[in-house]
Structures are given as C-alpha cells and as structure tokens.
Amino acid sequence: MRRTIVYDEHKEPENRSRLWDPKDICHVLERHTGTAMVEGISLNMCRMNRDVKVHLAAISKMYNLRIFKIFVCRNMDENKWYICDCKDKNKFKLYLPQGLDSYLSGKLNYFQWDLYPLKSLPSHVSFDNLVELILRGSRLKKLWNHEVQAHIYQTFLMNLTELHLDWTAIDEVPPSIWHLSSLVRLDLKYCFRLESLSSSICKLISLEYLTLRGCVKLYKFPETLEPMEHLKYIELGHSLIQELPESIENLVSLIRLCIYSCKNIEFLPNSLCNLRKLEYIDIQRCSNLKKLPPLPNASFSLLLVHNERLKSLSELPSLCFCLSAMYCPSLENISNWKAPLLHHLNSNHIGGQTDLHGCENLDQNTRNIVLAGRGIFQILSGLKFGSMWFGYQNSGTSMNIRLPPYWNNDNFFGLAFCVVVYQHKSNADHHVSLQIGCKLNFKTIPDNLLCEHDFLWIFSMRV
Numbered sequence: 011m012r013r014t015i016v017y018d019e020h021k022e023p024e025n026r027s028r029l030w031d032p033k034d035i036c037h038v039l040e041r042h043t044g045t046a047m048v049e050g051i052s053l054n055m056c057r058m059n060r061d062v063k064v065h066l067a068a069i070s071k072m073y074n075l076r077i078f079k080i081f082v083c084r085n086m087d088e089n090k091w092y093i094c095d096c097k098d099k100n101k102f103k104l105y106l107p108q109g110l111d112s113y114l115s116g117k118l119n120y121f122q123w124d125l126y127p128l129k130s131l132p133s134h135v136s137f138d139n140l141v142e143l144i145l146r147g148s149r150l151k152k153l154w155n156h157e158v159q160a161h162i163y164q165t166f167l168m169n170l171t172e173l174h175l176d177w178t179a180i181d182e183v184p185p186s187i188w189h190l191s192s193l194v195r196l197d198l199k200y201c202f203r204l205e206s207l208s209s210s211i212c213k214l215i216s217l218e219y220l221t222l223r224g225c226v227k228l229y230k231f232p233e234t235l236e237p238m239e240h241l242k243y244i245e246l247g248h249s250l251i252q253e254l255p256e257s258i259e260n261l262v263s264l265i266r267l268c269i270y271s272c273k274n275i276e277f278l279p280n281s282l283c284n285l286r287k288l289e290y291i292d293i294q295r296c297s298n299l300k301k302l303p304p305l306p307n308a309s310f311s312l313l314l315v316h317n318e319r320l321k322s323l324s325e326l327p328s329l330c331f332c333l334s335a336m337y338c339p340s341l342e343n344i345s346n347w348k349a350p351l352l353h354h355l356n357s358n359h360i361g362g363q364t365d366l367h368g369c370e371n372l373d374q375n376t377r378n379i380v381l382a383g384r385g386i387f388q389i390l391s392g393l394k395f396g397s398m399w400f401g402y403q404n405s406g407t408s409m410n411i412r413l414p415p416y417w418n419n420d421n422f423f424g425l426a427f428c429v430v431v432y433q434h435k436s437n438a439d440h441h442v443s444l445q446i447g448c449k450l451n452f453k454t455i456p457d458n459l460l461c462e463h464d465f466l467w468i469f470s471m472r473v
C-alpha cells in the first residue's frame, strides 16, 4: 500500500518522494533527471541488470535527499548480508567517473553505500544532519583526505550515532573517529587488515556497542581502559588478542562479553568479577584457555564449548542458569555452584540449561552433588514460576508412568512430583500436620522385574 501511494505521486520516477525500483533509480542517476522531490533512495545492487555510470548532476539536483541507501542483499533479507558473495558474484556496479565531491544533499540523515568505490568520503559535503553512516565492504582507507577536513567533519558529524565500517580495507581506525561524542555503535567486524585498537576508544563517551568480530589480524587490545559508563557490548571473536587488561573493570555497564574463537587467550583478568552488570560471557573455542577467574554474581549465561585445555571451574555464580561446556575433555570439576534462595528469584531468572556433553572426566563430586543439586533447583524454580508442567496427572492415590528407553543414565537427575491436598473447611483455622508417603514401583519390560522404593514426608502447614 505504501508503494502504491508513492507510485501515485507522479508518473515520472524523478518526481516521486521515494525511489526503490532499480530500473527507476538507474534511469534517474544516468540521465541526471533527479529533482528536489526525491527524499529517499534505496537500491539493492543485486537486482541491477547492467552497469550504471552515475551522472553527478542527477545527485546534485536532489538537494532534499534525506536517505541514501545503496546495499547488496542476495536474499532480500538485510540481516543476511554476504559480502564475499557480493564481491565475487555481483555482476553489475555503479561507477563514479567524476567522484562525489560537493554533490550530496546537506540534509542527509542516513548514508549507506555497500562496496563504496572511493577511498575516502567526499571532501566538501555537509554531514551535520547525519545520524547513521554505513560503508560495508568499501575500498575506504580513511574517512577524509587531510586533517583540515578531519576537523570540519568532527564538527559536522557530532550527531552521528552509528558507524559501520565492516568488511573495509582499513588497517587502523581513523583517529578522527575518536571525537564523535554521540557515537553509540561502532561496527568494525571483518576488517581483515586491522591489527590494533587504540586506547582512544575510551574517548567515545556515548559508545554502547563495539564489534570487532572476524578481525583476524587484530592482536592488540588497549592495555589501559579508562572508564566508559555506557559500553554494554563487546565482541572480539576470531581475533589474535592474547589477553584483556585488568582495567576492563572500568567498563562498569558491560552486559555482554564475546571473545569466542580467540585461540591465543590463556587467562582472563581477575578484575572481571568486578563487572556487576555482566550477564552473558561467550568464551567458546578458546583452545588455550586454562582457567577462569571468579565471575560476577550477575552472570546468567556462560558458554565454554570446545575449550580443550580447561581443567576446572571455580565457584560459579548462583544466578548462572545457562552453562554450556560441551566437549571440554580436560574439565574435571566444578568446585562450587550454589543455588540461590527461591524467594530471591523472579520470572526473569527462569530459563536456560546445563549441558556438559562430552566432558568425560568430571569427578564424582561434580556429577553426583554439584550437577544433581543444580538440576533439582532448576526443577523447583521452574515449578515456582509455572514454566514446568507435569506430564502425568491423576486424582486418587496412584499413577502409572511409562519411562522412555535408556532413561537411567548419567543425565537423569530424578523424578519430580507434586501432591495437592484438600483441607476441609472445618479444619481451616487449625494447624494441620500431614504425613505423605510415596512408594515407587519400577517394573522392567518385558520381563516384569519389580523394584520398590518407599519415601515418607512429614510437614506442617496452614491453609
């Protein structure tokens, strides 16, 4: 319906407020028929059927342009962006034989150009209204040409909140970025030439999300981190970093820390436990990781899959409801994992799982006491908040339950059952003592061998 409304604005595409059809956009850009009516352009280059030479007069006429988006997306799902496919298989391109200087609208709020063909941004364009800048997979080497322009851009880009330089050829983070005081998200993933990150990152006082995933040459993380009050998310997966600094404790708002597949890391800083808001820690496939320091009490999820040299886990946070440590063959014990009191929990704490599949060397204390106790707690917490349902229900004094084949293995924690007792009104004001007995009869199939267990609970209650 929205597109129909725009189509009805005018017969000619250059007189419509928004352009998204590749045929219309290429016509406007090639034949310099752009007008002040155009406020937004969104072009998926994967839908182009020929090369296009951009006539810059067409862009200069669109002086009310607020959204300029040229992207590559093979599946029409912008979350599935495959830069390797696009670089190798995208047959048709936009060419800028005259560059781009002084031709873009000064009203731009959003500028995206995947595979941007130039090595720097245009020198004489006002970006003072720009909020988001995306240059994925571009040939960009620096944001602008020289320091005078850098000073100008720092002044004009004070409103910029998102900067996406992923898949670019930069070998260092442009120093002028550190002055973007409103920047909230900095995306540098898959910058294959990037080797280090400056401690000037701490000058980004509004930064909340920092992504460095896939920077395979990144070996140097800042040795000293100054306080950053807003940084919530750090992703360093598939990098060469060897350690994180003890000053990581200055990232007081950090919630997610992802350092998976960092094969040079052997230890994590002891100060990690001082990050009181850290809930999610992903250190999977760090094949040289030997031990973990004490973790923050807030840590809800801990992912440790395929850490071959990890031998033990010290005391885990009581609120850690998700532990995934599959295929850690050297793991021998979890020294302590206390369960929190049920009345301290709320429904936000429920969920997650414990998975230690492939950890063949766990000692008996971990198997029989630590993990079994944790399993019982998860059952009870699930019952308290209604997230667990009993598969078998019956009124009366008996019930038949058919157990699945091979149920009696190391993953079996026990049976949970609930008894609902009706109290007659005449006894409603009395303190009642109850005795509830339970007999479990296990009968094997097909030989009908019988095994019996008796239990007795005595407790008092007031209804």
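The sequence shown begins at 11 in our numbering and counts up by one. Using N, Cα and C, we set each Cβ at its ideal position, and we do this for glycine too. Quick caveat: nothing in here was measured; it's all calculated off a predicted structure.
Report task. Could you pull out every residue in the same chain whose Cβ sits closer than 8 Å to the Cβ of Ala46, ignoring the five residues on either side in sequence? Result -> Here the set comprises Lys71, Met72, Tyr73, Asn74.
Query raised in the report: Cα separation between Cys94 and Leu372?
Result: Caution applies to Cys94, whose pLDDT of 44 falls short of 50 and renders its modelled position unreliable; the value that the coordinates give is listed next. In this structure, the straight-line span from the alpha carbon of Cys94 to that of Leu372 is close to 42 Å.
Report task. Return the CA-CA distance between Leu125 and Leu145, expressed in angstroms with no decimal places. Result -> Distance between Leu125 and Leu145, taken at the CA atoms: about 7 Å.
Query raised in the report: Helix, strand or coil: which one does DSSP assign to Tyr402?
Result: Per DSSP, reduced to three states, the secondary structure at Tyr402 is coil, with no helix or strand assignment.
Query raised in the report: So what does Glu142 bridge to, in DSSP terms?
Result: Looking at the DSSP output, Glu142 shares a beta bridge with Tyr120, Glu172.
Report task. For Val62, write down the residues that DSSP places opposite it in a beta bridge. Result -> DSSP output for Val62 lists Leu104 as bridge partner(s).
**Report entry** Local Cβ density within 10 Å of Val158, reported as buried at 16 or more and exposed below that
**Finding:** Residue confidence for Val158 is low, a pLDDT of 43 falling below 50, so the modelled location carries little weight; the figure read from the coordinates is stated next. An exposed status is given to Val158, since fewer than 16 other beta-carbon atoms sit within 10 Å of its beta-carbon.
Requested in this report: Return the first residue and the last residue of the beta strand (DSSP E) that Ile244 is part of.
Outcome: It spans 243-245 - the beta strand (DSSP E) in which Ile244 sits, taken as one unbroken run.
Requested in this report: Determine the DSSP secondary structure at Tyr17, reduced to helix, strand or coil.
Outcome: If DSSP states are grouped into helix, strand and coil, Tyr17 belongs with the helices.
**Report entry** Neighbourhood of Arg384 by C-beta distance below 7 Å, restricted to the same chain and skipping five residues each side
**Finding:** Contacts found: Trp347, Ala349, Thr364.
Query - Exposure label - Val429; buried when at least 16 CB within 10 Å - result: Looking at its Cβ environment, which holds fewer than 16 other Cβ atoms inside 10 Å, Val429 is exposed.
Report task. May I ask you to check if the CB of Ala349 is nearer than 6 Å to at least one heavy atom of the ligand NAP? Result -> The ligand NAP is not part of the structure shown, which contains no ligands of any sort.
Query raised in the report: Could you give the distance in angstroms between the alpha-carbon of Asn25 and the alpha-carbon of Ile69?
Result: Distance between the alpha carbons of Asn25 and Ile69: 14 Å.
Query raised in the report: Which parts of the stretch 282-352 are runs of the beta strand (DSSP E), unbroken and 3 residues or longer, counting only runs that do not cross its ends?
Result: Fully enclosed beta strand (DSSP E) runs of 3 or longer: 290-292, 311-313, 332-334.
Query - DSSP state of Cys268 mapped onto helix, strand, coil - result: In the structure shown, Cys268 sits in a strand (DSSP, three-state: E or B).
Query - Contacting residues, own chain, Cβ-Cβ under 7 Å from Glu40 (five flanking each side not counted) - result: Once the five neighbours on either side are set aside, the close Cβ partners of Glu40 are Val62, Lys63, His65.
Requested in this report: With Ile77 as the anchor, note down where its alpha helix (DSSP H) starts and where it stops.
Outcome: Run containing Ile77: none in the alpha helix (DSSP H); it sits in the beta strand (DSSP E), 77-81.
Query raised in the report: According to DSSP, what are the bridge partners of Glu462?
Result: Paired residues: Asn451.
Query - Where Glu88 falls: helix, strand or coil (DSSP) - result: Confidence at Glu88 is low in this model, with a pLDDT of 41, below 50, so the placement of that residue should be treated as unreliable; the coordinate-derived value is given next. Coil.
Report task. Note down, in chain order, each residue of its chain lying with its Cβ closer than 6 Å to the Cβ of Glu245, except the 5 sequence neighbours on either side. Result -> These residues qualify, in order along the chain: Thr221, Arg223, Cys268.
Requested in this report: Give the secondary structure of Leu53 by DSSP, where H, G and I count as helix, E and B as strand, and everything else as coil.
Outcome: The answer is strand: DSSP assigns Leu53 an E or B state.
Query raised in the report: Going along the chain, which residues of its own chain have a beta-carbon closer than 7 Å to the beta-carbon of Ile180, five neighbours each way excluded?
Result: Cβ within range, chain order: Leu150, Lys151, Cys201, Arg203, Leu204.
Report task. Let me know the secondary structure DSSP gives Gln445 once reduced to three states. Result -> Of the three classes helix, strand and coil, the one that applies to Gln445 here is strand, per DSSP.
Query raised in the report: What first and last residue would you give for the beta strand (DSSP E) that runs through Asp197?
Result: Per DSSP, the unbroken beta strand (DSSP E) holding Asp197 starts and ends at 195-197.
**Report entry** Where Asp31 falls: helix, strand or coil (DSSP)
**Finding:** In the three-state scheme derived from DSSP, where H, G and I count as helix and E and B as strand, Asp31 is classed as coil.
Query raised in the report: From the DSSP output, which residues share a beta bridge with Lys230?
Result: Ser206.
Query raised in the report: Taking C-alpha atoms, which residue in Gln252, Glu259, Lys227 lies nearest to Leu241?
Result: Taking Leu241 as reference, the option from Gln252, Glu259, Lys227 with the minimal CA-CA separation is Glu259.
Report task. Would you mind sorting Cys225 into buried or exposed? The rule is 16 or more other CB atoms within 10 Å of its CB. Result -> Cys225 should be labelled buried.
Report task. Alpha carbon to alpha carbon, how far is Phe81 from Asn89? Give it in angstroms, no decimals. Result -> Its pLDDT being 42, under 50, Asn89 is placed unreliably in this model, and the value from its coordinates should be taken loosely. Approximately 12 Å, taken between the alpha carbons.
**Report entry** Beta-carbon contacts of Lys230 that lie in its chain and below 8 Å, excluding the five residues immediately before and after
**Finding:** Around Lys230: Glu205, Ser206, Leu207, Ile251.
Report task. Report the rounded CA-to-CA distance for Leu366 versus Ser311, giving the unit in angstroms. Result -> Approximately 14 Å between the Cα atoms of the pair.
Query raised in the report: Between which two residues does the beta strand (DSSP E) harbouring Leu110 extend?
Result: That residue, Leu110, is in no beta strand (DSSP E); it is neither H nor E in DSSP.
Query raised in the report: If you check the beta carbons only, do Val315 and Ile344 fall under 7 Å apart?
Result: No, these two residues do not count as a Cβ contact at 7 Å.
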